[in-house]
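Student: Starting off with a structure, shown below.
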Amino acid sequence: MKRNRVLLAYDIGQPRLQAQVRKKISHEASSQQLSAYECYLNKQEQKALLLQLAPLITEESLLACQIDSRRKTYYLGQAKPALDEHCLVID
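In this note's numbering, each number is its position in the sequence shown, counted from 1, plus 11.
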């Protein structure tokens, strides 16, 4: 099944809840930076992960957006182009 590049980012103020969410997401992430994670998930995996996170995210917020790999990527500041098509480098 085809995997899509998905960006997951959260805004969670509670350290304990932040750790729970980070633990669930980091199992799927190919790269991460603070509270932003890049994951390659098929539709079933994405749905399963979001279902796991839903009970945790009640008063906080989590964004999951699919990134279209056919689109041009822009780099700002010290950002570097990806080493290959399956990797995103965040400095």
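Glycine is no exception: its CB is placed at the ideal position from the N, C-alpha and C atoms.
#1: Can the beta-carbon of Tyr51 be found closer than 7 angstroms to that of Arg16?
#2: Quick one, which of Arg82, Leu60 and Lys13 has its alpha-carbon nearest Leu74's?
#3: Please report the straight-line C-alpha distance between Gln25 and Arg81, rounded to a whole angstrom.
#4: With a 10 Å radius around its C-beta and 16 neighbouring C-beta atoms as the bar for buried, classify Gln57 as buried or exposed.
#5: Measuring straight from C-alpha to C-alpha, what distance separates Ser37 and Gln29?
#6: Entirely within the segment 41-76 and at least 4 residues each: give me those alpha helix (DSSP H) ranges in chain order.
Tutor: Walking through what the data contain:
#1: yes
#2: Leu60
#3: Near 36 angstroms, if we compare the C-alpha coordinates of Arg81 and Gln25.
#4: buried
#5: 12 angstroms
#6: 54-64
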